[in-house]
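Input: a single structure, listed below in structure tokens.
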Amino acid sequence: MPSTQPMIEARGVQKWYPNGFHALRGVDLSVSKGEVVVIMGPSGSGKSTFIRTFNALEEFQEGSISVDGIALSNDLRNIDAIRCDTGMVFQQFNLFPHLTVLENLSLAPVVVRKRRRSEVETQAMALLERVGIAEQASKYPGQLSGGQQQRVAIARSLCMEPRILLFDEPTSALDPEMVGEVLEVMRGLAAEGMTMVVVTHEMGFAREVAHRVVLMSEGQIVEEAAPETFFTNPQHERSRQFLAQIL
Amino acid sequence: MTPIQTGPESGTTPPLRPARPAPESVQPNWAGALRQELFASRTDGLVSVLLIMVILAAALGLLRWALAQAQWAVIQANTSLFAIGRYPVQQQWRLWLLVVLVAALSGVSWGLLRAFPRADRSGEIWPFNDRLVVALLGFLAAWLPAALALGLPLQLRWWVITALLVTMRWLAGHWGRSLPSRLVKLVPLSWPLLYLFGMVLIAGGLGLPRVPPSEWGGLLLTLLMASFAILLSFPIGVVVALGRRSSLPLLRWSSVLYIEFIRGAPLITLLFLGQNILGYMLPGGWAPDRVWRAAWVLTFFCGAYLAEAVRAGLSAVPPGQLEAARSLGLSMPLALQRVVLPQALRIALPAAVGQFISLLQDTTLLSLIGLLDLLGTARTVMANPEFLGKNAEVYLTLAVLFWCCCAALGLGSRALERRLDPTHSPV
Ligand SMILES: Nc1ncnc2c1ncn2[C@@H]1O[C@H](COP(=O)(O)OP(=O)(O)OP(=O)(O)O)[C@@H](O)[C@H]1O
Ligand SMILES: [Mg+2]
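Written out as structure tokens, the structure is:
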């Protein structure tokens, strides 16, 4: 069960893209340690933009975000520290195609955390074992299926021993028969008490694993509720429209 | 597409069709393929026969000329001039030493490449192509020095050097794996060191007497100029390509200015311009004479074209790669160095090698500013009354030499490309 210690605190976040588009219009969100928050919302509502501000892949203009007690500012040292503690899993996997699976996992711990390669590789093998693809360790990402690639991507994030994991539509680029194996890994992580923010439209996952579901629309959070309430008795008109569309 | 049948194979559903061998036309069979390529129809056959006859006639004519009519004495008498120009005789042992070192290191590197195949492959230590190359080297070592009418001691030296290369290749291939990994990691690093040491050997310094660039010539000068320009243009190309995509306006605009200035002028103009103004533009010791000025012009020229190749490579790497690297905590320099550049350079490699090959050929322009590169040497030889009218022999030799160098560059790069390609095997 989540504790009350906040891991992510976003207050009044405003974001304009360089072309003037107002992508985030005052967003507040607080995520406790061990909590799993699922963000839903129609396409273009700013889910990706919002989740990417947490590890400074997007900048924002107004408001404040602090991650694990460190305020996101323009100070590069803070940003690098936060990125080391915050893993991110992308829709398109973004594995490094020129490195083997094992090298994908060990790159960051070795060059960023300056840990011994042999020690990192032992840990990496254990992680690959856990996501069920240890036998693929010396293959290149291009030789794996989509589901296997996404599991490698999760293991790659885990190898940095993050305190928070961010997922941006991790199963949207997968063929239907591979969605299950990725969600299974995510379920396991949630059960172990990992703090997770997940953008996804997988209703089953949200219902079963999320502690809270958040609905975004036009750069704002319009509803925030426990999954049962959200799916059975949504309060906001936008939520009802959205659920009608995806059900 | 055929519909996929699912469901249990019970009595009512028909069983799935088993795979059967591919029909004749799909299977590789070179005799059949040749017939299909060349003689598929009557017109195809006619055109093929005609073309084959034309090619054969030309080749036979050339061969008859080369063996019966041509007088190769012009090459035999000037071998040393073509190879190293007027490099002083007492100092030539330095060049021999360099050749020995290059042969040994090539052999070691080649063997190690086979001893350490890519992680996902099981490599053969002596693949067919390698045995072919060794046979070719042996043939060249046996035939070429004799054909050039070199004295026996010189012939012997070339045999020893070839034997050294092959032996090193053999040793490294078989025992490379039992070497300590620190030693193996030193091998790629030893190439730039050897290059610097080679420069010292050629030019003098560190106690060796100086041999001024005006005494370098022939193949030595051509290879030196080309390799200098290739090696130094590489960092220039990468930095300028990154600068062109930088968010700092000054950096971006100076990169664009540099690229456009160089690409907007013919090389020969730049070479003449460089002879006159580089002395004012570069720090004192960098461009003291005509050879070094020309070397810098070639370098900056190649750098601009290379920057465009690298830029194309950079834009072909999906932005998600940089984001993933940054989200793992890699700083910008680390992300570029470990994630983006390896992919970008791999993509840029074919274009870059094309650039290097044309640079090698462009070194012949040096003869127009009075340097004695291969072509410059050839022109002095042909101007010698003793060898009047032997242009065909000289030009053919030059063409074959350039062709060999370019082919080696091309083959090497293709091998490198294959080795670097992680998506070589299909999913
Ligand atoms: N670089 C950009 N410049 C300008 N506008 C952008 C940029 N990136 C995104 N946007 C706009 O910002 C809005 C929010 O985009 P975002 O990617 O966050 O949406 P999303 O909720 O993740 O949608 P999806 O479900 O399609 O991924 C969209 O309207 C998009 O067009
Ligand atoms: Mg999105």
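From first to last, the protein sequence lines are chains B and W.
My numbering applies: residue 84 is where the first sequence begins, and numbers increase by one.
My numbering applies: residue 813 is where the second sequence begins, and numbers increase by one.
For each residue, glycine too, the CB sits at the ideal point set by N, CA and C.
Bear in mind the structure is a predicted one, so any value in this text is a computation, not a measurement.
Of all the CB atoms in chain B, is at least one closer than 9 Å to the CB of residue i?
| i | result |
| --- | --- |
| residue 1039 of chain W | no |
| residue 848 of chain W | no |
| residue 1053 of chain W | no |
| residue 1058 of chain W | no |
| residue 1154 of chain W | yes |
| residue 1135 of chain W | yes |
| residue 1142 of chain W | yes |
| residue 1146 of chain W | yes |
| residue 1158 of chain W | yes |
| residue 980 of chain W | no |
Residues of chain B with CB under 9 Å from residue i, in chain order?
| i | result |
| --- | --- |
| residue 1151 of chain W | 179, 181, 182 and 190 |
If you draw a straight line from the C-alpha of residue i to the C-alpha of residue j, how long is it?
| i | j | result |
| --- | --- | --- |
| residue 110 of chain B | residue 304 of chain B | 6 Å |
| residue 1064 of chain W | residue 1055 of chain W | 5 Å |
| residue 1206 of chain W | residue 1194 of chain W | 8 Å |
| residue 163 of chain B | residue 141 of chain B | 14 Å |
| residue 1081 of chain W | residue 1187 of chain W | 18 Å |
| residue 300 of chain B | residue 134 of chain B | 14 Å |
| residue 910 of chain W | residue 1013 of chain W | 7 Å |
| residue 1174 of chain W | residue 906 of chain W | 27 Å |
| residue 987 of chain W | residue 1203 of chain W | 49 Å |
| residue 180 of chain B | residue 239 of chain B | 13 Å |
| residue 994 of chain W | residue 974 of chain W | 27 Å |
| residue 277 of chain B | residue 225 of chain B | 29 Å |
| residue 1140 of chain W | residue 289 of chain B | 26 Å |
| residue 1091 of chain W | residue 914 of chain W | 33 Å |
| residue 228 of chain B | residue 1058 of chain W | 35 Å |
| residue 867 of chain W | residue 874 of chain W | 11 Å |
| residue 160 of chain B | residue 925 of chain W | 40 Å |
| residue 1179 of chain W | residue 1185 of chain W | 6 Å |
| residue 992 of chain W | residue 1002 of chain W | 16 Å |
In chain order, what residues of the same chain have a beta carbon less than 6 Å from the beta carbon of residue i, not counting five sequence neighbours either side?
| i | result |
| --- | --- |
| residue 1048 of chain W | 1115 |
| residue 322 of chain B | 298 and 306 |
| residue 191 of chain B | 243 |
| residue 251 of chain B | 131, 134, 173, 174 and 282 |
| residue 152 of chain B | none |
Are the C-beta of residue i and some C-beta of chain W separated by less than 9 Å?
| i | result |
| --- | --- |
| residue 126 of chain B | no |
| residue 144 of chain B | no |
| residue 99 of chain B | no |
| residue 169 of chain B | yes |
| residue 90 of chain B | no |
| residue 240 of chain B | yes |
| residue 208 of chain B | no |
| residue 73 of chain B | Because residue 73 of chain B is not part of the residues shown, which for chain B are 84 to 330, the question remains open. |
Are there any heavy atoms of ligand 3 lying less than 8 Å away from the beta-carbon of residue i, as far as the coordinates show?
| i | result |
| --- | --- |
| residue 141 of chain B | As for ligand 3, it is missing from this structure, which binds only ligand 1 and ligand 2. |
Given that residue i touches chain W, what residues does it touch there, using C-beta distances under 7 Å?
| i | result |
| --- | --- |
| residue 138 of chain B | 1139 |
| residue 175 of chain B | 1132 |
| residue 108 of chain B | None at all; the shortest Cβ gap to chain W is about 24 Å. |
| residue 163 of chain B | 1141 and 1143 |
| residue 243 of chain B | 1140 and 1141 |
For residue i, I'd like the list of residues in its chain whose CB is within less than 8 Å of its CB, leaving aside the five on either flank, ordered along the chain.
| i | result |
| --- | --- |
| residue 319 of chain B | 298, 305 and 306 |
| residue 382 of chain B | The structure shown does not extend to residue 382 of chain B, since chain B is modelled only from 84 to 330, so the question has no answer here. |
| residue 978 of chain W | 919, 946, 949 and 950 |
Whose Cβ in chain B lies nearer than 7 Å to the Cβ of residue i?
| i | result |
| --- | --- |
| residue 989 of chain W | In chain order: nothing, as chain B lies at least about 16 Å away. |
Could you please give me the residues that DSSP links to residue i through a beta bridge?
| i | result |
| --- | --- |
| residue 251 of chain B | B/282 |
| residue 97 of chain B | B/108 and B/145 |
| residue 303 of chain B | B/300 |
| residue 856 of chain W | Residue 856 of chain W pairs with nothing; no bridge assigned. |
| residue 1020 of chain W | W/1017 |
| residue 1185 of chain W | W/1030 |
| residue 91 of chain B | B/114 and B/150 |
| residue 172 of chain B | B/250 |
| residue 295 of chain B | B/120 |
| residue 308 of chain B | B/296 |
Excluding the five sequence neighbours on either side, which residues of its own chain have a C-beta within less than 7 Å of the C-beta of residue i, listed in chain order?
| i | result |
| --- | --- |
| residue 1168 of chain W | 1042 and 1221 |
| residue 208 of chain B | 217 and 220 |
| residue 88 of chain B | 115 and 116 |
| residue 1107 of chain W | 1037, 1040 and 1041 |
| residue 970 of chain W | 953 and 957 |
Which chain W residues sit within Cβ distance under 8 Å of residue i?
| i | result |
| --- | --- |
| residue 199 of chain B | Result: empty, since nearest Cβ-Cβ is about 14 Å, beyond 8 Å. |
| residue 166 of chain B | 1138, 1139, 1140 and 1141 |
Could one say the Cβ of residue i lies closer than 9 Å to chain C's Cβ atoms, at least one of them?
| i | result |
| --- | --- |
| residue 1232 of chain W | No chain C is present in this structure, whose protein chains are B and W. |
Identify the contact partners of residue i in chain W, using a Cβ-Cβ distance below 9 Å as the criterion.
| i | result |
| --- | --- |
| residue 195 of chain B | 1140, 1141, 1142, 1143 and 1146 |
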